[in-house]
Every structure is written in C-alpha cells, then in structure tokens.
Amino acid sequence: QNQGAEGLRRKPQRRRPAMSKSKTKKVKLKTTPHEELLKELEYLRAENAYLKNCRP
Numbered sequence: 001q002n003q004g005a006e007g008l009r010r011k012p013q014r015r016r017p018a019m020s021k022s023k024t025k026k027v028k029l030k031t032t033p034h035e036e037l038l039k040e041l042e043y044l045r046a047e048n049a050y051l052k053n054c055r056p
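Each residue of the sequence shown is one higher than the one before, counting from 1 in the UniProt record's numbering.
Pasting the structure below:
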C-alpha cells in the first residue's frame, strides 16, 4: 500500500541452491584393537575421577 507502482512490479524469484552431488567423505582412521582399548581405558579413568569428585 505504501509502495505505489513499485509494489505492483514482479520481483525476481530467487533460485534455490543446487544440492552438491559429491560431499567429502570422512576417512576413518584405522586404529588397532590395542589403541582402541587404550582410548577406552583413558576415558574410563577420566570418568572414574569425575565421579569420585562428585561424591559428597
């Protein structure tokens, strides 16, 4: 209502961005079972220390 003749003109439609067909895939690093166990041990030790500090 406040735009006058400009309000009646067609506005160009925006083009939707095309989806990319190829996304970069994350390459999983191959870890040995020994490394996985060490990682889990580190996590469990940290969790244990945290829980000990939370006790009253």
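For each residue, glycine too, the CB sits at the ideal point set by N, CA and C. Predicted model, so just to flag it, every value in this text is computed and none were measured.
What is the DSSP secondary structure of residue 2, counted as helix, strand or coil?
Position 2 of the sequence shown holds residue 2. Three-state result, residue 2: coil.
Along the alpha helix (DSSP H) that carries residue 39, what are the first and last residues, could you check?
As a first step, residue 39 is located in the sequence shown; it is residue number 39 there, counting from the start. 33-54 is the span of the alpha helix (DSSP H), which, as asked, contains residue 39.
Span separating the alpha-carbon of residue 42 from that of residue 24:
Here residue 42 refers to the residue found at position 42 when the sequence shown is read from its first residue. Here residue 24 refers to the residue found at position 24 when the sequence shown is read from its first residue. Answer to the nearest angstrom: the Cα atoms are 31 Å apart.
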